[in-house]
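Undergrad: This structure is in structure tokens; I'll ask about it shortly.
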Amino acid sequence: MRYNVFLLAAAASVAAPALAAPVTASFGGEVRERLEMIDAPRFGIGGTQADSYLLQRVLLHSDFHFGESARVYAQLGAHEAFGKKILSAPDEDHLDIQQLFVELNPSKSLSLRVGRQEMAFNPAQRFVSFRDGTNIRQAFDGARATLKTGRLRVDGFLTRPVALERGVFDDEPNDKQAFGGVYGAYAVGKTVSLDGYWFYLDREGASYGGVTGEEHRHSFGLRFGGAANGWDWDAEALVQRGRFAGRDIAAWGGALDLGRTFAAAPLKPRIGLRFDAGSGDADCADGTLGSFNPLFPKGPYFNEANLTSFTNLLALRPGLKIKPAKALDVEAAVQFKWRETPGDAVYVGPSAPLAGTAGGTARTIGQVYSLDAALQLNRHVALRAYYLHHSAGAAIERAGGRSVDFAMTSAQFRF
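Structure representation (structure tokens):
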């Protein structure tokens with residue numbers, strides 16, 4: 009926290025005059041219990057065994073506003089993984105600061121936020137996300153400036169992702185990674201947005217295709233999303249350039265999510281179709297790295313089991329969502345997955361190669377059949393149940409993998 013303390017002290021000294029303004033305060037929190045059961049983590053590759061466990065998240069926050077010119081927000085998080093055999097970083101952190109920032113508003117159009125904070129720039133949250141599905145949400149230490157003028161909003165930020173530890177107040181900014189950029193969003197209409205952005209990511213110790221080295225990656229992207237006349241859409245595409253271990257980076261990724269809701273029909277069905285793609289690289293030693301890096305993705309973007317990543321992927325997902333009751337949403341979907349480049353590996357979340365899957369000619373990763381039910385009882389309580397079956401395609405079977413069954417149920421209380 010030493011890095012954050014320095015940033016907050018600097019921000020507080022600038023904000024000192026504003027802190028004398030009238031104060032309003034609010035307090036709240038969240039408790040989420042999430043039970044997961046999976047019979048073959050990582051498709052059973054590497055001797056992984058069936059697992060069932062309870063993920064618990066407790067968040068408490070205070071929010072102080074000093075007039076309209078300053079704000080101080082603090083949030084504590086306690087995260088436990090009861091009974092999980094193999095822990096990953098976003099599973100467990102006994103007690104730490106989830107967010108702690110000072111926000112200054114020198115004018116109605118300009119704000120500056122300094123400290124530990126969560127970030128997302130659009131509803132899809134494909135490549136920069138709160139990562140709400142995992143037990144511990146994604147946070148960054150650094151500074152973010154936001155300019156709003158007319159229909160245009162521009163965010164600029166300079167941060168380091170938080171490196172998670174399991175102890176008490178031991179999370180620090182990751183000194184081996186730096187993440188920054190500029191994101192602009194133009195409101196074409198009340199429900200339509202045209203966005204453009206540039207992100208950069210510097211990483212020490214990055215690994216692709218058995219090669220480890222420094223990664224300096226720039227992402228240039230466009231997004232067009234909105235809703236009108238029963239239709240909703242979200243299209244995003246980006247290219248990545250830079251250097252990795254003395255090699256050039258030339259990668260790409262994107263998605264198209266299209267839906268049609270029949271609001272006047274019984275059950276108000278929404279028929280949707282989503283296509284996702286990320287480039288792969290069959291030969292990292294050829295002087296160019298083609299593997300796509302999804303940066304800081306949503307976590308369970310493809311499914312709640314988080315079995316695959318955007319890297320080296322082609323995925324097509326038709327789905328049907330209905331509303332049997334005002335507060336109940338039920339969705340059934342099937343997703344077809346292939347390797348974009350057969351010679352590259354299958355990647356699991358967020359972007360790690362699955363052992364034994366590189367090489368060969370098989371493209372098929374498998375099909376995912378899922379059923380999702382979400383019930384919003386009231387403004388405080390949300391319940392959810394989810395099941396999927398992920399069949400193993402030839403690219404998984406040749407590495408010794410098998411099909412996966414996964415079930416999840418959760419209860420969330422916000423106050």
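Adding 8 to a residue's 1-based position in the sequence shown gives its number in this note's numbering.
Every residue, glycine too, gets a C-beta built ideally from N, C-alpha and C.
Model, not experiment: these values are computed from the prediction.
Which residue from Gln107, Gly254 and Thr142 puts its Cα closest to that of Pro181?
TA: Ranking Gln107, Gly254 and Thr142 by Cα distance to Pro181 puts Gln107 first.
Undergrad: Sorted by chain position, which residues of the same chain lie with C-beta nearer than 6 angstroms to Phe35's C-beta, five sequence neighbours on each side aside?
TA: Result list for Phe35: Ser70, in chain order.
Undergrad: Please work out which residues of its chain come closer than 6 angstroms, Cβ to Cβ, to Ser399, disregarding the five sequence neighbours upstream and downstream, and give them in chain order.
TA: Within the same chain, Ser399 has close Cβ partners Gly374, Gln375 and Ser411.
Undergrad: Under three-state DSSP, which class holds Ile94?
TA: Coil, per DSSP.
Undergrad: For Arg159 versus Ala128, is the C-beta distance shorter than 7 angstroms?
TA: Cβ atoms of Arg159 and Ala128: not closer than 7 angstroms.
Undergrad: Within the same chain, show all residues whose beta-carbon is closer than 6 angstroms to that of Leu82, passing over the 5 residues directly before and after it, in chain order.
TA: The sequence given here has Ala at residue 82, not Leu. For Ala82, where only same-chain residues beyond five positions count, the Cβ hits under 6 angstroms are Ser70 and Leu108.
Undergrad: Can you tell me the Cα-Cα spacing of Arg371 and Leu62, whole angstroms?
TA: In a straight line, the C-alpha of Arg371 is about 34 angstroms away from that of Leu62.
Undergrad: Might you give, ordered along the chain, the residues of its own chain that have their beta carbon closer than 6 angstroms to the beta carbon of Leu103, omitting 5 neighbours on each side?
TA: If we look at Leu103 and ignore the five residues flanking it on each side, its Cβ neighbours are Ala86 and Val176.
Undergrad: Sort Ala403, Ser359 and Gly409 by Cα distance to Tyr216 and report the nearest one.
TA: Cα-wise, what sits closest to Tyr216 is Ser359.
Undergrad: Pull up the DSSP beta-bridge partners for Ser215, would you.
TA: DSSP output for Ser215 lists Thr220 as bridge partner(s).
Undergrad: Between the C-alpha atoms of Asn113 and Gly189, what's the straight-line distance to the nearest angstrom?
TA: Their backbone Cα atoms lie some 21 angstroms apart in a straight line.
Undergrad: Mark Val356 as exposed unless 16 or more other C-beta atoms lie within 10 angstroms of its C-beta, in which case mark it buried.
TA: Buried, by the Cβ-count rule.
Undergrad: Does the stretch 252-260 come close enough to the stretch 229-244 that 3 or more CB-CB pairs lie under 8 angstroms?
TA: As far as the Cβ criterion goes, the stretch 229-244 does not touch the stretch 252-260, which means the pair count is below three.
Undergrad: If you reduce the DSSP assignment to three classes, tell me which class Ala393 lands in.
TA: It is a strand residue.
Undergrad: Taking all protein chains shown into account, decide if Ala366 is buried (16 or more other Cβ within 10 angstroms of its Cβ) or exposed.
TA: Per the 10 Å Cβ criterion, buried.
Undergrad: On the premise that Thr142 lies in contact with Pro98, defined as a C-beta separation below 8 angstroms, what is that separation, rounded to the nearest angstrom?
TA: Yes, they are in contact, since the Cβ atoms of Pro98 and Thr142 sit about 4 angstroms apart, within 8 angstroms.
Undergrad: How long is the line joining the alpha carbons of Arg251 and Ser137, rounded to whole angstroms?
TA: Using only the alpha carbons, I get a separation of about 24 angstroms.
Undergrad: Check whether the Cβ atoms of Asp380 and Glu339 sit closer than 7 angstroms, and answer yes or no.
TA: Result yes, Cβ atoms of Asp380 and Glu339 sit closer than 7 angstroms.
Undergrad: When you compare the CB positions of Ala382 and Asp337, do they come within less than 7 angstroms of one another, or not?
TA: Closer than 7 angstroms, so yes.
Undergrad: Tell me the DSSP secondary structure of Asp294 in three-state form.
TA: Residue state, collapsed to three classes: helix.
Undergrad: Starting from the Cα of Gly286, find the closest Cα among Lys276, Leu297, Ala153 and Arg278 and give me that residue.
TA: Of Lys276, Leu297, Ala153 and Arg278, the residue nearest in Cα terms is Leu297.
Undergrad: Please state the DSSP three-state secondary structure of Ala48.
TA: Ala48 falls in the coil class under three-state DSSP.
Undergrad: Out of Ala193, Thr167, Lys198 and Gly197, which has the shortest C-alpha to C-alpha gap to Asp183?
TA: The candidate whose alpha carbon is nearest that of Asp183 is Thr167.
Undergrad: Give the DSSP bridge partners of Val176, in chain order.
TA: DSSP output for Val176 lists Leu103 as bridge partner(s).
Undergrad: For Gly401 and Asp47, what's the separation of their Cα atoms in angstroms?
TA: Roughly 17 angstroms separates the two Cα atoms.
Undergrad: In this structure, does DSSP put Glu405 in helix, strand or coil?
TA: Glu405: helix per DSSP, three-state reduction.
Undergrad: Alpha carbon to alpha carbon, how far is Cys292 from Val219?
TA: Taking the straight line joining both Cα atoms gives about 8 angstroms.
Undergrad: Using CA atoms only, rank isn't needed, just tell me which of Asp149, Arg145, Asp210 and Ala214 is closest to Arg225.
TA: Comparing Cα positions, the closest option is Asp210.
Undergrad: In this structure, how does DSSP classify Phe138 when only helix, strand and coil are distinguished?
TA: Residue state, collapsed to three classes: coil.
Undergrad: Residue ranges of each beta strand (DSSP E) run of no fewer than 3 residues wholly in the stretch 289-348, ordered along the chain?
TA: You should have 321-333 and 336-346.
Undergrad: What is the residue span of the beta strand (DSSP E) that His69 lies within?
TA: Start and end: Asp59 to Phe74.
Undergrad: Could you tell me the alpha carbon to alpha carbon distance between Ala5 and Thr369, rounded to whole angstroms?
TA: Absent from the model: residue 5. The displayed extent of the chain is 9 to 423, so no value can be given.
Undergrad: For the beta strand (DSSP E) holding Leu379, just list the boundary residues, first then last.
TA: Start and end: Thr372 to Gln384.
Undergrad: For the beta strand (DSSP E) containing Gly192, list its first residue and its last residue.
TA: Taken as a continuous stretch (DSSP letters only), the beta strand (DSSP E) holding Gly192 covers Gln185 to Ala195.
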